[in-house]
Amino acid sequence: MTKRRTSRWTGLAAGLLAQALLLAVLETTAGVGVAGLAVGAACAVIIAAALARGLARRPGEELGPASWVTLARATLAVGVAALTVESFTHDVPVALLVVLSAVALVLDLADGPLARRTGTATALGARFDGEIDAFLILALSVYVVPAYGAWVLAAGAARYVFLAGECLLPWMRASIPRREWRRVAAGTQGVVLTVAAADVLPHTLMEILLAAALALLAASFGSVVWWLWRHRAEAPAIEADAVRPAPGPVRTGVATAISALALVLVWVAVVAPDHPNRLTLGGFARLPLELLAVVALAVLLPTAPRRMLAVIAGAVLSVLLLVKVLNIGFFTAFDRPFKPVDDSGYLGIGIETLRDGVGRSYADLVVVVAAVLSVVVLAIPVLALLRVTRVAAAHRDWALRSAAVLGALWVALYVAGTPVASSSTASLAVQEVRLVHTGLADRGALARELTHDRFRATPGDQLLTGLRGKDVLLVFVESYGKVAIQGSSLSPGVDAVLHRGSAQLQAAGFSARSAFLTSPTFGGLSWLAHSTMQSGIKVDGQRRYNQLVADNRLTLTAAFKRAGWRAVGALPANHRAWPEGFSYYHYDKIYDRRNLGYRGPGFGLPPMPDQYALAALQRRELAPPDRKPLFAEVDLISSHTPWTKIPRLIPWDQVGDGSIFNRIPPAASSRASLLGDSTRARKAYGQSIEYSLSTLFSFVQRYGNDNTVLVVLGDHQPSTVVSGQGASHDVPISVIAHDPKVLDQIAGWRWQDGLLPSSQAPVWPMAAFRDRFLGAFGSTPSSD
436 MTKRRTSRWT
446 GLAAGLLAQA
456 LLLAVLETTA
466 GVGVAGLAVG
476 AACAVIIAAA
486 LARGLARRPG
496 EELGPASWVT
506 LARATLAVGV
516 AALTVESFTH
526 DVPVALLVVL
536 SAVALVLDLA
546 DGPLARRTGT
556 ATALGARFDG
566 EIDAFLILAL
576 SVYVVPAYGA
586 WVLAAGAARY
596 VFLAGECLLP
606 WMRASIPRRE
616 WRRVAAGTQG
626 VVLTVAAADV
636 LPHTLMEILL
646 AAALALLAAS
656 FGSVVWWLWR
666 HRAEAPAIEA
676 DAVRPAPGPV
686 RTGVATAISA
696 LALVLVWVAV
706 VAPDHPNRLT
716 LGGFARLPLE
726 LLAVVALAVL
736 LPTAPRRMLA
746 VIAGAVLSVL
756 LLVKVLNIGF
766 FTAFDRPFKP
776 VDDSGYLGIG
786 IETLRDGVGR
796 SYADLVVVVA
806 AVLSVVVLAI
816 PVLALLRVTR
826 VAAAHRDWAL
836 RSAAVLGALW
846 VALYVAGTPV
856 ASSSTASLAV
866 QEVRLVHTGL
876 ADRGALAREL
886 THDRFRATPG
896 DQLLTGLRGK
906 DVLLVFVESY
916 GKVAIQGSSL
926 SPGVDAVLHR
936 GSAQLQAAGF
946 SARSAFLTSP
956 TFGGLSWLAH
966 STMQSGIKVD
976 GQRRYNQLVA
986 DNRLTLTAAF
996 KRAGWRAVGA
1006 LPANHRAWPE
1016 GFSYYHYDKI
1026 YDRRNLGYRG
1036 PGFGLPPMPD
1046 QYALAALQRR
1056 ELAPPDRKPL
1066 FAEVDLISSH
1076 TPWTKIPRLI
1086 PWDQVGDGSI
1096 FNRIPPAASS
1106 RASLLGDSTR
1116 ARKAYGQSIE
1126 YSLSTLFSFV
1136 QRYGNDNTVL
1146 VVLGDHQPST
1156 VVSGQGASHD
1166 VPISVIAHDP
1176 KVLDQIAGWR
1186 WQDGLLPSSQ
1196 APVWPMAAFR
1206 DRFLGAFGST
1216 PSSD
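Next up, the structure:
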């Protein structure tokens, strides 16, 4: 009996060993990194755990010769999964992935006949075979998403949607009659997806084959569901006839392991930190008061209230765990926590930005994965807490004694002042409630702030009299933060560009004064900085932005327009209608990627180089004679994250319609910021800032004249992958002019000469700029 039992688990151990060896080989030969190895190892463990559970439920079944073949196929599928994950960060050997997949498909033709020929066919073996088929199809469908779109994921997800149905609907658990055509349909998916991965057929033909295979699979699953639905009345009898074997030592051990895992998952969810700086092993070494209280209360309650408590507490924990994940993401990107009232509206914007940056297929895959992970994050704490409270109630005395001992230990640790005594999740819940209350209350505060506008009713002839006849360009340089010019490894390169720019401009008769502004945002959300600069109101969230643009507060654009300037926006990142550009900012004309006439390639998220945007502005607005003076907001976006492709500066007379950039390779191309490689990201970021600034200075040198005035500033600091945690929100700002009378009017600001402000330069809130600018250049406040 012992020998028989031992042989049942030999396959599990051999499979795990083979999969570990294959992953090691892939690391050495194919360069599979941490992400691929982690996913491969996780898949191997999940396969082994599922097979162990199946063996524990069927004491009389063995792993026959066919199941050993299926184990070999599982090993190859794990390799395909690891290569698939790695393909999203760098190129992988396609031939190797195709070979692993093809061999797994060929072996699939052997395990079924082998089981029948040797008389070792079992229900477990058949289920194992089918699940490995589904796993390989899922891995291959993910691999081909970038080439064919997220719709191919339907083939990989079909089995798992059906599995979810089995969990939720008892009638879907009935045994179904064998149909050979359904097996052919499943095999067809693997073959077609492998051919798609090999990229040997024309794209259109391959799309047709993928669609046909998916239709066949849909017909297969549809026929199964229809059959189960028609026979649903028989499902209870099928379940009633099933004889559940008495739990043996293996099954008992598995149950104990699951309970222990549930406790660990709940414990981790409760103590998990919500800041990236605390994501260390020490950050999880906490004794959570909340868990002790819930378990102790659950043990004392009857069954129904106990379950209700577990569901409610688990749901709250799930939401708070999701908030922790969001906080970590927001601290990483924007160096601040997630704000429920303001940030809930960024989902659509984030997806759109991701699509622009990495392509629609990659972005859609990321969205699907994020959605699945969100569901998992929300579901696991509820299920795990139900398990923990049920087991605790079944061992009432032991659970109460443990809770009492750990509670006394928590009090002792709390009195001693050690952070091990934790109530961080309860504190987070209180914090989120306060954030919601603050966010809602801020609406009234902003409404009162908007009623006070010194220049709301100032007539046009009393606005900006000190800039009459000048062309004024308000230039935002994307992600141009203080980190670019002070205290970082990339500062020397950017500083050198600023020194050269100062010399260039001085030779052309221009002078500059510089300082710093404190941006309301960090790492992104540029429109918040733009609206703050233009309105003189601090706009640090989407709710404030929405409320502001619904008001009639005077913007710099509207002030210039009222005073007689033509007002335009050069916003090359925009690709759709922007109503508030006319209703609130009052532009006469908005140029974006739809009407700038660009015929060249995109550069990652930026759709065109800064040089083209500036050349188009010159051609369309600045060059024509006999025109009004111009005010223009110009957004330079070549320095926008993820800094994957950085353009080269070319002679201005070659820019044309931008098609020349199809023939000029970018100066840099990497996935540095996407990979979280801070060293490469900083280098790529620095190069992008150098390009944007060099392009702007070259533009002024070539096209500037006595009437040219520029206000050049960054919108925000780059994300923490470049700036680091806890960096300031300060961005450089410079006023550049050819006419010395312009800079004389801001002498009282005590800004520093040149384009490179030092650490002693003045620092203003960005919201303070509008009023000081209007006041300095001859604007008279209105009586109200």
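Residue 436 is where the sequence shown starts when you use our numbering, and the numbers rise one by one after that.
Every residue, glycine too, gets a C-beta built ideally from N, C-alpha and C.
Under three-state DSSP, which class holds L722? Looking up residue 722 in the sequence shown gives position 287. DSSP places L722 in strand when its eight states are reduced to three.
Sorted by chain position, which residues of the same chain lie with C-beta nearer than 6 angstroms to I1171's C-beta, five sequence neighbours on each side aside? What you label residue 1171 is simply residue 736 of the sequence shown in a count that begins at 1. Within the same chain, Cβ atoms closer than 6 angstroms to the Cβ of I1171 are found at F945, A947 and L1145, the five residues on either side in sequence being excluded.
Exposed unless 16 or more other CB atoms sit within 10 angstroms - verdict on M743: Position 308 of the sequence shown, counting from 1, holds the residue named residue 743. Exposed, by the Cβ-count rule.
Let me know if A1107 comes out buried or exposed under the rule of 16 or more other beta-carbons within 10 Å of its beta-carbon. Against the sequence shown, residue 1107 aligns to sequence position 672. Caution applies to A1107, whose pLDDT of 44 falls short of 50 and renders its modelled position unreliable; the value that the coordinates give is listed next. A1107 sits buried, since 16 or more C-beta atoms from the chains shown fall within 10 Å of its C-beta.
Using a Cβ distance threshold of 8 angstroms, determine whether the stretch 860-868 contacts the stretch 754-763, with at least three qualifying pairs required. Yes: at least three Cβ pairs fall under 8 angstroms.
Tell me the rounded alpha-carbon separation between V520 and G764. As a first step, residue 520 must be located in the sequence shown, where it is residue number 85. As a first step, residue 764 must be located in the sequence shown, where it is residue number 329. Distance between the alpha carbons of V520 and G764 is about 21 angstroms.
Taking all protein chains shown into account, decide if W1186 is buried (16 or more other Cβ within 10 angstroms of its Cβ) or exposed. Within the sequence shown, residue 1186 is the residue found at index 751, counting from 1. Label assigned to W1186: buried.
I think A950 touches P1192, with their Cβ atoms under 8 angstroms apart; what is that distance to the nearest whole Å? Counting from one through the sequence shown, the residue named residue 950 turns up at place 515. Counting from one through the sequence shown, the residue named residue 1192 turns up at place 757. Beta-carbon to beta-carbon, A950 and P1192 are separated by about 5 angstroms, close enough to satisfy the 8 angstroms threshold.
Spatially closest choice to R662 from A592, V626, R613 and V627, by CA coordinates: As a working note, residue 662 is residue 227 in the sequence shown. A quick correction: the sequence has Trp, not Arg, at residue 662. Selected option, being the one with the closest Cα: R613.
Using only CA atoms, which one of A1012, L451, R771 and W1184 lies nearest to A1212? Translated into the one-based positions of the sequence shown, residue 1212 becomes position 777. According to the sequence as given, residue 1212 is Phe; it is not Ala. The residue with the shortest Cα to Cα distance from F1212 is W1184.
Between which two residues does the alpha helix (DSSP H) harbouring Y1138 extend? Here the question's residue 1138 lines up with position 703 in the sequence shown. Counting along the chain, the alpha helix (DSSP H) containing Y1138 begins and ends at S1113 to Y1138.
Among residues of its own chain, excluding the 5 on either side of I1025, which ones have a beta-carbon nearer than 6 angstroms to its beta-carbon? For this step, residue 1025 is matched to residue 590 along the sequence shown. Contacts found: G1004 and G1016.
Segment limits, beta strand (DSSP E) that includes V907: Your numbering for residue 907 matches position 472 in the sequence shown. Residues D906 to V912.
Within the stretch 729-769, note down every full alpha helix (DSSP H) run reaching 4 residues or more, in order along the chain. List check, alpha helix (DSSP H) in window: 738-769.
Runs of alpha helix (DSSP H) lying entirely within the stretch 997-1060, each at least 4 residues, in chain order: Taking only runs of at least 4 residues, the alpha helix (DSSP H) segments lying wholly in the stretch 997-1060 are 1015-1018 and 1045-1052.
On the DSSP bridge assignment, give the partners of P955 in chain order. Counted from its first residue, the sequence shown places residue 955 at position 520. When beta bridges are read from the DSSP output, P955 appears opposite no residue.
Residue from S610, P775 and Q1122 whose Cα sits closest to the Cα of A919: Here residue 919 refers to the residue found at position 484 when the sequence shown is read from its first residue. Of the listed residues, the one whose Cα sits closest to A919 is Q1122.
Hey, D1150 and V1135: beta-carbon distance below 8 angstroms or not? Position 715 of the sequence shown, counting from 1, holds the residue named residue 1150. Position 700 of the sequence shown, counting from 1, holds the residue named residue 1135. Taking 8 angstroms as the Cβ cut-off, D1150 and V1135 do not qualify as a contacting pair.
According to DSSP, what are the bridge partners of P1167? Walking along the sequence shown from the start, residue 1167 turns up at place 732. F951.
Nearest-angstrom Cα distance between H1164 and W503? Locating residue 1164 in the sequence shown gives position 729, where the first residue counts as 1. Locating residue 503 in the sequence shown gives position 68, where the first residue counts as 1. Those two C-alpha atoms are separated by around 60 angstroms.
Taking buried to mean at least 16 other C-beta atoms within 10 Å of its own C-beta, is A648 buried or exposed? For this step, residue 648 is matched to residue 213 along the sequence shown. Counting the other Cβ atoms within 10 Å of the Cβ of A648 gives 16 or more, which makes it buried.
With a threshold of 7 angstroms on Cβ separation, who are the neighbours of V855 within its own chain once the five nearest residues in sequence on each side are excluded? Residue numbering aside, residue 855 sits at position 420 when the sequence shown is read from its first letter. Cβ within range, chain order: A720, R721, L722 and L848.
Going straight from the alpha carbon of V1090 to that of P711, what length do you get? In the sequence shown, the residue the question calls residue 1090 occupies position 655. In the sequence shown, the residue the question calls residue 711 occupies position 276. Straight-line Cα distance between these residues: approximately 44 angstroms.
Go ahead and label W1302 buried or exposed: buried means 16 or more other beta carbons lie within 10 angstroms of its beta carbon, across all protein chains shown. Past the boundaries of the shown model lies residue 1302; the chain is included only from 436 to 1219, so the question cannot be answered.
Per-residue DSSP class, three states only, for L1148: Taking the first residue of the sequence shown as 1, we reach residue 1148 at position 713. In the three-state reduction of the DSSP assignment, L1148 falls in the strand class, which pools E and B.
Residues in the same chain with beta-carbon distance under 6 angstroms from G471, minus the five sequence neighbours each way, listed in chain order, please. Taking the sequence shown and counting its residues from 1, one reaches residue 471 at position 36. Cβ within range, chain order: A517, V520 and E521.
Cβ-Cβ distance between L628 and V579 below 8 angstroms: On the sequence shown, residue 628 is found 193 positions in, with the first residue counted as 1. On the sequence shown, residue 579 is found 144 positions in, with the first residue counted as 1. Against a cut-off of 8 angstroms, the Cβ pair of V579 and L628 comes out as a contact.
So L1128 and L933 are supposed to be a Cβ contact under 8 angstroms. How far apart are they, rounded? Walking along the sequence shown from the start, residue 1128 turns up at place 693. Walking along the sequence shown from the start, residue 933 turns up at place 498. Rounded, the Cβ-Cβ distance is 7 angstroms, consistent with contact.
Give me the residue from T1076, L808, N1030 and Y915 with the minimum Cα distance to R1055. Indexing the sequence shown from 1 puts residue 1055 at position 620. Ranking the options by Cα distance to R1055, first place goes to N1030.
Rounded to a whole number of angstroms, what is the C-alpha to C-alpha distance between D676 and A609? Locating residue 676 in the sequence shown gives position 241, where the first residue counts as 1. Locating residue 609 in the sequence shown gives position 174, where the first residue counts as 1. The pLDDT assigned to D676 is 41, lower than 50, so where the model puts this residue is not dependable; a value taken from the coordinates is nonetheless given after this. The straight-line gap from Cα to Cα measures roughly 12 angstroms.
Using a threshold of 8 angstroms, state whether the C-beta atoms of Q897 and S1214 are closer than that. Within the sequence shown, residue 897 is the residue found at index 462, counting from 1. Within the sequence shown, residue 1214 is the residue found at index 779, counting from 1. A contact, by the Cβ cut-off of 8 angstroms.
What do you get for R1098, buried or exposed, if any count of 16 or more other CB atoms within 10 angstroms of its CB means buried? For the purposes of this step, residue 1098 is taken as residue 663 along the sequence shown, with counting starting at 1. When all chains shown are included, R1098 counts as exposed.
Anyone know if the C-beta pair for R1028 and P1007 falls short of 8 angstroms? The residue labelled residue 1028 in the question sits at position 593 within the sequence shown. The residue labelled residue 1007 in the question sits at position 572 within the sequence shown. One thing to note: R1028 has its Cβ within 8 angstroms of the Cβ of P1007.
According to DSSP, I482 sits in a beta bridge with which residue or residues? For the purposes of this step, residue 482 is taken as the residue at position 47 of the sequence shown. In DSSP, I482 forms no bridge with anything.
Check V699 in the structure and name its three-state DSSP category. Stepping through the sequence shown from its first residue, residue 699 is reached at position 264. Three-state result, V699: helix.
Rounded C-alpha distance that separates F570 from R493: To locate residue 570, count along the sequence shown from 1; it is residue 135. To locate residue 493, count along the sequence shown from 1; it is residue 58. About 23 angstroms.
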